[in-house]
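Residue numbers (UniProt numbering): 1 to 357.
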């Protein structure tokens with residue numbers, strides 16, 4: 001009985017505490033409501049006094065707005081606001097396949113993460129000239145004036161199973177940048193005197209063949225010959241190999257002065273089917289950018305002559321570099337010859353074109 005009475009007293013005490021806490025909560029809510037009513041009264045009083053032009057005794061709290069919504073909306077005009085910002089067309093470019101972006105953010109990046117960044121010729125030369133100022137070289141005095149070289153990748157395809165034949169050529173550049181080549185000329189009689197007048201370095205007839213075989217005469221770069229001397233030069237074919245006079249290369253002919261001048265002043269380049277590219281020097285860094293560009297234009301024009309234009313462009317990639325410097329890819333489109341129409345490639349006249357059209 002005593003235990004039941006104690007339990008009952010505990011329950012009564014808990015109920016009383018709950019009721020007291022509830023009463024305190026009600027008093028707190030009632031107090032907050034009274035404060036809100038007073039604040040709203042202060043706000044309305046300040047608004048009415050401001051409208052009448054008199055100062056109000058009461059001030060509204062800092063966290064309450066001093067103007068009602070109705071007073072603000074009454075001053076807003078119903079007229080639509082004029083659009084002052086012009087709409088700009090947004091061009092969204094898709095990310096290139098297998099790359100991070102189209103262009104790098106700065107000049108330090110990995111080439112494999114971005115598409116090839118093509119430069120103009122003058123921009124590429126400025127990059128090479130800046131590298132030349134700080135690039136390390138063991139023998140700086142020997143390579144002070146670096147040689148500028150271009151690498152031209154070619155599309156050798158003509159038809160499905162036919163390719164452009166291997167070729168090599170010799171041409172004279174508009175701006176010379178290296179010493180003259182040493183030319184040996186095989187000629188006899190009056191042709192020998194013509195070769196001497198054309199400033200050939202070594203001139204001789206049959207008596208010169210054993211000296212070349214014994215390597216007594218060996219300091220020469222190219223050989224030219226008159227047609228009547230080819231029979232006596234047969235023993236030299238295996239020794240001279242690619243330097244042996246050949247009519248296809250233009251080193252055998254009757255016009256000795258022009259041959260000697262071309263091989264003495266010219267720049268040689270060659271292309272093999274396996275490599276499908278041409279590496280050739282176009283000048284030195286001491287030349288101006290315009291002079292180097294003219295030399296490059298002359299070489300590209302001569303290279304494009306070895307493939308008929310109706311089979312598409314011959315050059316697919318052009319890179320310029322210098323000794324121990326990084327290569328820079330160039331936008332080569334403007335250096336290619338103008339495309340030939342199909343009718344012009346066939347050789348039709350203007351009247352025949354009109355009939356076809």
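Every residue gets a Cβ at the ideal spot worked out from N, C-alpha and C, and that includes glycine. Just so we're clear, the structure is a prediction, and the values are computed from it rather than from any experiment.
Q.
Using C-beta distances below 7 Å, list every residue in its chain close to residue 302, excluding the 5 sequence neighbours before and after it, in chain order.
A. As a working mapping, residue 302 is identified with position 302 in the chain shown. 169, 171, listed in sequence order.
Q) How about residue 266 and residue 177: are their beta carbons less than 8 Å apart? A) In the chain shown, the residue the question calls residue 266 occupies position 266. In the chain shown, the residue the question calls residue 177 occupies position 177. Against a cut-off of 8 Å, the Cβ pair of residue 177 and residue 266 comes out as no contact.
**Q.** Span of the alpha helix (DSSP H), counted from its first residue to its last, around residue 111
**A.** The residue labelled residue 111 in the question sits at position 111 within the chain shown. Careful: residue 111 lies outside any alpha helix (DSSP H) and carries neither H nor E.
(Q) Give me, in chain order, the residues of the same chain whose beta-carbon lies closer than 7 Å to that of residue 291; leave out the 5 immediate sequence neighbours on both sides. (A) Locating residue 291 in the chain shown gives position 291, where the first residue counts as 1. Contacts found: 175, 283.
Q. From residue 315 to residue 137, what does the alpha carbon distance come to, in whole angstroms?
A. For this step, residue 315 is matched to residue 315 along the chain shown. For this step, residue 137 is matched to residue 137 along the chain shown. Roughly 32 Å between the two C-alpha positions.
Q | DSSP state of residue 131 mapped onto helix, strand, coil | A | Reading the chain shown from its first residue, position 131 is the one you call residue 131. Three-state result, residue 131: helix.
Q: Can you tell me which of the three DSSP states residue 182 falls into?
A: On the chain shown, position 182 is the one that residue 182 refers to. Correct three-state label for residue 182: coil.
Q: Could you check how far apart the C-beta atoms of residue 273 and residue 184 are, in whole angstroms? I think they sit under 8 Å.
A: In the chain shown, the residue the question calls residue 273 occupies position 273. In the chain shown, the residue the question calls residue 184 occupies position 184. Wrong, their Cβ atoms sit about 30 Å apart, outside the cutoff.
Q. If we count the other Cβ atoms within 10 Å of its Cβ and call it buried at 16 or more, is residue 166 buried or exposed?
A. Within the chain shown, the letter at position 166 stands for residue 166. Per the 10 Å Cβ criterion, exposed.
**Q.** Those runs of the alpha helix (DSSP H) which lie wholly inside the segment 228 to 280 and span at least 4 residues
**A.** If we require 4 residues or more, the alpha helix (DSSP H) runs fully inside the segment 228 to 280 come out as 237 to 240, 256 to 265.
Q) Excluding the five sequence neighbours on either side, which residues of its own chain have a C-beta within less than 6 Å of the C-beta of residue 300, listed in chain order? A) On the chain shown, position 300 is the one that residue 300 refers to. The residues are 335.
Q: Mark residue 236 as exposed unless 16 or more other C-beta atoms lie within 10 angstroms of its C-beta, in which case mark it buried.
A: For this step, residue 236 is matched to residue 236 along the chain shown. Buried, since its Cβ has 16 or more Cβ neighbours within 10 Å.
Q. Can you check whether the CB of residue 287 is closer than 8 Å to the CB of residue 146?
A. Translated into the one-based positions of the chain shown, residue 146 becomes position 146. Translated into the one-based positions of the chain shown, residue 287 becomes position 287. No. Outside cutoff.
Q | CA nearest to the CA of residue 256, picked from 234, 239, 223, 278 | A | The residue labelled residue 256 in the question sits at position 256 within the chain shown. Answer by Cα proximity: 223.
Q | Beta bridge counterpart(s) of residue 202 as assigned by DSSP | A | Looking up residue 202 in the chain shown gives position 202. 184, per the DSSP bridge assignment.
Q. In or out: residue 139 buried (at least 16 other Cβ within 10 Å) or exposed?
A. Here residue 139 refers to the residue found at position 139 of the chain shown. Exposed, by the Cβ-count rule.
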